[in-house]
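Enquirer: I have a structure I would like to understand better, so I am pasting it below and will then ask my questions one at a time.
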Amino acid sequence: MPLLRFDLVAGRSPEALTALLDASHAAVVDAFGVPGGDRYQVVHQHAPGELVVHDTDLGIERTDDVVLVQVTSRRRTREQKERFYALLTDNLKRSCGVQPSDVVVSVVENSDADWSFGHGRAQFLTGEL
Amino acid sequence: MPLLRFDLVAGRSPEALTALLDASHAAVVDAFGVPGGDRYQVVHQHAPGELVVHDTDLGIERTDDVVLVQVTSRRRTREQKERFYALLTDNLKRSCGVQPSDVVVSVVENSDADWSFGHGRAQFLTGEL
Amino acid sequence: MPLLRFDLVAGRSPEALTALLDASHAAVVDAFGVPGGDRYQVVHQHAPGELVVHDTDLGIERTDDVVLVQVTSRRRTREQKERFYALLTDNLKRSCGVQPSDVVVSVVENSDADWSFGHGRAQFLTGEL
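So the sequence lines, in the order shown, correspond to chains A, B and C.
If you read the first sequence in this note's numbering, its first letter stands for residue 1, the second for the next number, and so on.
If you read the second sequence in this note's numbering, its first letter stands for residue 1, the second for the next number, and so on.
If you read the third sequence in this note's numbering, its first letter stands for residue 1, the second for the next number, and so on.
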């Protein structure tokens, strides 16, 4: 159920995009302990001027490979989030050559009543999940 | 004030898109009891590889008609949300032929201070709303 | 760290877009007291039918200049938010000629564990920020 929204600079091939999404999903499954079918991903590809990703004065360099990810999820522990950040950067480096300095993540949490996966039902409430 | 962000596979006609947004707005008004002018909708149309909507292993089939909706709203009850999911799928089926299996919703809540509808004011705080 | 997602009607020049983002960032820095490098901005440019911004029956006129901003931020006070709304509309009017009636903002809050600015670390937790 985590829903991941990716903002990228346009230019990746379809294959590179798929590799990026696969690598990200593997991090979600591992860090959050969700089933493999718990995959909800949205990608926006931007002209360069549409995506500004600075570094909060941390001295982190960005390139056009930058991956900005907004995660919407039910409550996760601090440990799960830290594990997710680490796994995501590891996976993106290994599978896609994205530098860890180019991965920025922001998480927003919601609750069981806040998800419907189809058929107009809230599956976390009905007992289906 | 709910703000709805729709992610769709590109290909709908402008008329089909309008019908989809109208049908969705009717569900918002009915389920959340907001005025008709409380309409804030954003649509993103994606290349197929930019939108991945699986099913959390629930056995739900998706097609290219899939409608992924992220709702940002002030606090709503569980009953309001469940009503919204049901009405949204009903309306989209009836008005647009979208199957209930193709409708996925995620909600995030915020508060009165979190909205400004124009003129730089927080209208839920000023008493204008 | 606030992350700002802008939804606009397509048609602005690259220069106009940069001016809009600069003016918005100045409002963030001033209202939230964050460093200048705390800049994370995403722009979506839409076909007219993809962006519906009514007025909650407040009697506010919109034009194609409309600027819809979703802010994701760590906790901010009511005063900080009200200051942000006012500064944002002031800055956009002065720098870009956007009318205050065309600026709509929605905020969602999260926490220290919800941000990673690179290298797979949660910099608000590690003490780096």
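Heads up, the beta-carbon is just placed ideally off N, CA and C, and yes, glycines get one too.
Can you name, in chain order, every residue of its own chain whose Cβ lies under 7 Å from the Cβ of residue 83 of chain A, other than the five neighbours on each side?
Expert: 31
Enquirer: Taking all protein chains shown into account, decide if residue 13 of chain C is buried (16 or more other Cβ within 10 angstroms of its Cβ) or exposed.
Expert: exposed
Enquirer: Going by beta carbon distance, what residues of the same chain come within less than 8 Å of residue 48 of chain B, once the five residues before and after it are set aside?
Expert: 9 and 64
Enquirer: Would you tell me roughly how many angstroms separate the C-alpha atoms of residue 101 of chain A and residue 128 of chain A, rounded to the nearest one?
Expert: 39 Å
Enquirer: Give, in chain order, every unbroken run of the alpha helix (DSSP H) that is at least 4 residues long and sits entirely within the region 70–120 of chain B.
Expert: 78–96
Enquirer: Starting from residue 22 of chain C and walking both ways along the alpha helix (DSSP H), at which residues does that stretch end?
Expert: 14–32
Enquirer: Report the CB separation of residue 95 of chain C from residue 19 of chain C in whole angstroms; it is logged as a contact under 8 Å.
Expert: That belief holds up - the Cβ atoms of residue 95 of chain C and residue 19 of chain C are roughly 5 Å apart, short of 8 Å.
Enquirer: Using beta-carbon positions only, say whether residue 41 of chain B and residue 21 of chain B come within less than 8 Å of one another.
Expert: yes
Enquirer: Relative to chain C, which residues along the region 108–129 of chain A have a C-beta separation below 8 Å, given in chain order?
Expert: Of all residues in the region 108–129 of chain A, only 108 and 109 come within less than 8 Å of chain C when Cβ atoms are compared, listed by chain position.
Enquirer: Excluding the 5 residues preceding and the 5 following residue 85 of chain A in the sequence, name in chain order all residues of the same chain whose CB lies nearer than 7 Å to its CB.
Expert: 105
Enquirer: Check for me: the beta strand (DSSP E) holding residue 4 of chain C runs from which residue to which?
Expert: 3–9
Enquirer: Compile a chain-ordered list of the residues in the region 37–51 of chain A whose CB is closer than 9 Å to at least one CB of chain B.
Expert: Correct list: 37, 38, 39, 40, 41, 42, 43, 44 and 45.
Enquirer: Beta-carbon separation of residue 89 of chain A and residue 70 of chain B under 8 Å?
Expert: Between residue 89 of chain A and residue 70 of chain B, the C-beta gap is not smaller than 8 Å, which leaves the two residues out of contact.
Enquirer: With DSSP run on the structure shown, which of helix, strand or coil describes residue 51 of chain C?
Expert: strand
Enquirer: Could you spell out the range, first to last residue, of the beta strand (DSSP E) harbouring residue 43 of chain A?
Expert: 40–46
Enquirer: For residue 17 of chain B, which residues in chain C fall below 8 Å Cβ to Cβ?
Expert: Correct list: 49 and 50.
Enquirer: Mind checking whether residue 108 of chain B and residue 114 of chain A have CB atoms under 8 Å apart?
Expert: yes
Enquirer: Out of A/33, A/93, A/15 and A/123, point me to the one whose CA is closest to residue 80 of chain A's CA.
Expert: A/33
Enquirer: Just to make sure I have the definition right: I need the residues of chain B whose C-beta is within less than 9 Å of the C-beta of residue 106 of chain C. Which are they?
Expert: 1, 3, 40, 72, 110, 114, 115 and 116
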